[in-house]
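Novice: Here's a structure for you.
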Amino acid sequence: MNAIFYFIIYQISRLPLGILYLFADFLFFMLYTIIGYRRKVIRINLENSFPEKSKEEIRTIHRKFYRNFCDYLVETLKTFSISQDELDKRHTYSNSEVFEEIKAEKKNLMFMAGHVFNWEWYVGTAKIMGIENTVAVYHKIKNPFWNDKINAMRGKFGTVPMDMKDVLRHIMKVPNDGNHSFLFVADQSPKQSAVHYFIEFLNQRTPVFNGFDKIARKKNMGVIYAKTVKVKRGYYHTTFIRLEPKNEQFEENEIVHQFFGHLEKTIQEHPDNWLWSHKRWKYANL
Numbered sequence: 043m044n045a046i047f048y049f050i051i052y053q054i055s056r057l058p059l060g061i062l063y064l065f066a067d068f069l070f071f072m073l074y075t076i077i078g079y080r081r082k083v084i085r086i087n088l089e090n091s092f093p094e095k096s097k098e099e100i101r102t103i104h105r106k107f108y109r110n111f112c113d114y115l116v117e118t119l120k121t122f123s124i125s126q127d128e129l130d131k132r133h134t135y136s137n138s139e140v141f142e143e144i145k146a147e148k149k150n151l152m153f154m155a156g157h158v159f160n161w162e163w164y165v166g167t168a169k170i171m172g173i174e175n176t177v178a179v180y181h182k183i184k185n186p187f188w189n190d191k192i193n194a195m196r197g198k199f200g201t202v203p204m205d206m207k208d209v210l211r212h213i214m215k216v217p218n219d220g221n222h223s224f225l226f227v228a229d230q231s232p233k234q235s236a237v238h239y240f241i242e243f244l245n246q247r248t249p250v251f252n253g254f255d256k257i258a259r260k261k262n263m264g265v266i267y268a269k270t271v272k273v274k275r276g277y278y279h280t281t282f283i284r285l286e287p288k289n290e291q292f293e294e295n296e297i298v299h300q301f302f303g304h305l306e307k308t309i310q311e312h313p314d315n316w317l318w319s320h321k322r323w324k325y326a327n328l
C-alpha cells in the first residue's frame, strides 16, 4: 500500500507548480475555512508573540500563514521530482562568499535555519556551499518506508540525511578541516525531558535546544544563519549571515542567542512565513 501511495504522490509531484498551486488553493479553503486546522494554537501563538498588534492585524497574519503553509505542502510534494535547475531558479542566494571564507579557515560548517517557508528547499544548497560532505540533520520518521523516501528526497542534490541521534557522534568523529557541513533546522521545541535551557523569544519564555551550541564551540566550527524570505509564490531568497563571537571565541550559549535573535528579526519582518501551528511554548512554564 505504501508503494502504491508513493507512486501516486510522485506522479502528482511531476505536475507543474502552477497546477499544484490549485491544490494549495483548495487546501487553504479546507484548512482555513472548513476545518480550522489548529486555529486556536495559531491564534494564541500569534497573540502572545505580537501583543502590540491589533486583532485585525493578527487575523491578517493568521490568514496569510495558512496560504503560505498550503504552498509549503505542495512545494514539498514537488521536491520529490523537482530538478536542480528548477530549484535554482526558484531559490536564490546572496552572500555565499561566507562558505569560501569558512572553508579557507579549515573549519567545518554549521548551517542553521528556522522553520521559515520553505525550509525543505535547503536541499539545493549543497551546490552553493561547495563543501565536499554535507549532512542534513533530521528527526527520524517512525514509518521506515516513508523515512527512506523522504530521506531520498532530501539527499537527491548531494546532501546526506542523518538522524539527530547520530549526528553528534559523527561531528565529533570527522576532522575539522573545512570539508564537512551540517544543516540544522534548529527552532523545534524540545521534548519535556530535553528541556534544559530557556531564552526570551517573541516576547515569551521559550525552551530551546542548545546542543548545537556546545558542538560548534567544542569543534570550533564556522556558523551561518540562513535568512529566507518568500519573494513571491514559488520563489524564495536566502541571505547567508555568519555568526561571529563578541570576543575572541563564542561564550556558552552565545550561538543560541545569536541564532534566535536573527530568527526573531526574520519572523518580525515577515510574520506569516513561519510555522505557527506547532505548540512551541507548551513547556514554557517548567
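Counting the sequence shown from 1 gives a position; the numbering used here is that position plus 42.
We put the beta carbon where it would ideally sit given N, CA and C, even for glycine.
What residue range does the beta strand (DSSP E) around D205 cover?
Specialist: Within the sequence shown, the letter at position 163 stands for residue 205. Run containing D205: 201–205, per the beta strand (DSSP E) assignment.
Novice: Ignore the nearest five residues each way along the sequence and tell me which others in N185's own chain have a CB closer than 8 Å to its CB.
Specialist: Within the sequence shown, residue 185 is the residue found at index 143, counting from 1. The residues are N44.
Novice: If we require 3 or more residues per run, which beta strand (DSSP E) segments fall completely within the segment 167–195?
Specialist: Segments of the beta strand (DSSP E) lying fully in the segment 167–195: 175–180.
Novice: Helix, strand or coil, according to DSSP, for H320 in the structure here?
Specialist: By one-based count along the sequence shown, residue 320 stands at place 278. In this structure, H320 counts as coil in the three-state DSSP scheme.
Novice: Could you tell me which uninterrupted alpha helix (DSSP H) segments, each at least 4 residues in length, are contained entirely in the segment 210–239, listed from first to last along the chain?
Specialist: Counting whole runs of 4 or more residues, the segment 210–239 contains no alpha helix (DSSP H) stretch at all.
Novice: Along the alpha helix (DSSP H) that carries R47, what are the first and last residues, could you check?
Specialist: Locating residue 47 in the sequence shown gives position 5, counting from the first residue. The sequence given here has Phe at residue 47, not Arg. Start and end: 44–55.
Novice: Inspect the beta-carbon positions of F224 and F159 and report whether they are closer than 9 Å.
Specialist: Position 182 of the sequence shown, counted from the first residue, corresponds to residue 224. Position 117 of the sequence shown, counted from the first residue, corresponds to residue 159. Cβ distance not < 9 Å, so F224 and F159 don't count as in contact.
Novice: In chain order, which continuous runs of the beta strand (DSSP E) of length 3 or greater are located wholly inside the segment 89–177?
Specialist: Segments of the beta strand (DSSP E) lying fully in the segment 89–177: 133–136, 151–155.
Novice: Taking DSSP's pairing of strands, which residues face L285 in a bridge?
Specialist: Taking the first residue of the sequence shown as 1, we reach residue 285 at position 243. Answer is V265, bridged to L285.
Novice: Determine which residues share a DSSP beta bridge with R247 and list them.
Specialist: Residue 247 sits at position 205 when you count from the first residue of the sequence shown. E242.
Novice: Where do the N-terminal and C-terminal ends of the alpha helix (DSSP H) with F70 fall, by residue?
Specialist: Working through the sequence shown from its first residue, we reach residue 70 at position 28. That run of the alpha helix (DSSP H) goes 59–70.
Novice: Using CA coordinates, which residue listed in I54, V237, T121 is at the minimum distance from G197?
Specialist: Locating residue 197 in the sequence shown gives position 155, where the first residue counts as 1. Comparing Cα positions, the closest option is T121.
Novice: Would F111 pass as a contact of L317 if the rule is Cβ separation under 9 Å?
Specialist: The sequence position of residue 111 within the sequence shown is 69, counting from 1. The sequence position of residue 317 within the sequence shown is 275, counting from 1. Against a cut-off of 9 Å, the Cβ pair of L317 and F111 comes out as a contact.
Novice: Counting beta carbon pairs with one atom in the segment 311–327 and one in the segment 281–293, are three or more of them shorter than 8 Å?
Specialist: No, the segment 281–293 does not touch the segment 311–327.
Novice: Just the C-alpha distance for P217 and I100, rounded to the nearest angstrom, thanks.
Specialist: As a first step, residue 217 must be located in the sequence shown, where it is residue number 175. As a first step, residue 100 must be located in the sequence shown, where it is residue number 58. Whole-angstrom Cα-Cα distance: 48 Å.
Novice: Rounded to whole angstroms, what is the Cα-Cα separation between Q53 and I124?
Specialist: For the purposes of this step, residue 53 is taken as the residue at position 11 of the sequence shown. For the purposes of this step, residue 124 is taken as the residue at position 82 of the sequence shown. If you take the alpha carbons of Q53 and I124, they lie about 12 Å apart.
Novice: Output the boundary residues of the alpha helix (DSSP H) element that contains K307.
Specialist: By one-based count along the sequence shown, residue 307 stands at place 265. Note, K307: alpha helix (DSSP H), 296–311.
Novice: Do V209 and V179 have their C-beta atoms closer together than 9 Å?
Specialist: As a first step, residue 209 is located in the sequence shown; it is residue number 167 there, counting from the start. As a first step, residue 179 is located in the sequence shown; it is residue number 137 there, counting from the start. Cβ distance < 9 Å, so V209 and V179 count as in contact.
Novice: Measuring CA to CA, which of E242, I257, T270, K95 is closest to F282?
Specialist: Mapped onto the sequence shown, residue 282 falls at position 240. Checked all of E242, I257, T270, K95; the closest Cα to F282 is T270.
Novice: Spatial neighbours of E311 within its chain, please: C-beta separation below 8 Å, excluding the five flanking residues on both sides.
Specialist: Taking the first residue of the sequence shown as position 1, residue 311 is located at position 269. Excluding sequence neighbours, E311 sits near V271.
Novice: Measuring only the C-alpha atoms, how far is F70 from A326?
Specialist: Locating residue 70 in the sequence shown gives position 28, counting from the first residue. Locating residue 326 in the sequence shown gives position 284, counting from the first residue. Taking the straight line joining both Cα atoms gives about 30 Å.
Novice: Can you have a look at K233 and say buried or exposed, based on whether 16 or more other CB atoms are within 10 angstroms of its CB?
Specialist: Here residue 233 corresponds to residue number 191 of the sequence shown, with the count starting at 1. It counts as exposed.
Novice: Can you tell which of Y135, E296, H181, I51 has its C-alpha closest to the C-alpha of T167?
Specialist: One-based indexing of the sequence shown puts residue 167 at position 125. Ranking Y135, E296, H181, I51 by Cα distance to T167 puts Y135 first.
Novice: In chain order, what residues of the same chain have a beta carbon less than 7 Å from the beta carbon of H104, not counting five sequence neighbours either side?
Specialist: In the sequence shown, the residue the question calls residue 104 occupies position 62. The answer, listed in chain order, is I84, R85, L88.
Novice: Should T176 be counted as a contact of the ligand ADP given a C-beta to heavy atom distance under 8 Å?
Specialist: Questions concerning the ligand ADP fall outside what the structure shown contains, since it holds no ligand whatsoever.
Novice: Considering only the alpha carbon of each residue, which of V298, A258, M214, S231 lies closest to N252?
Specialist: Position 210 of the sequence shown, counted from the start, is the residue given in the question as residue 252. Checked all of V298, A258, M214, S231; the closest Cα to N252 is V298.
Novice: Measure the alpha-carbon distance for K256 versus W163 and round it to whole angstroms.
Specialist: Residue numbering aside, residue 256 sits at position 214 when the sequence shown is read from its first letter. Residue numbering aside, residue 163 sits at position 121 when the sequence shown is read from its first letter. Those two C-alpha atoms are separated by around 27 Å.
Novice: In the DSSP output, what is T270 paired with across the bridge?
Specialist: For the purposes of this step, residue 270 is identified with residue 228 of the sequence shown, where counting begins at 1. Answer is T280.
Novice: Using 10 angstroms around the beta-carbon of K238, count the other beta-carbons present and answer buried if the total reaches 16, otherwise exposed.
Specialist: Within the sequence shown, the letter at position 196 stands for residue 238. Per the sequence shown, the amino acid found at residue 238 is His instead of Lys. The residue is exposed, with fewer than 16 neighbouring Cβ atoms inside 10 Å.
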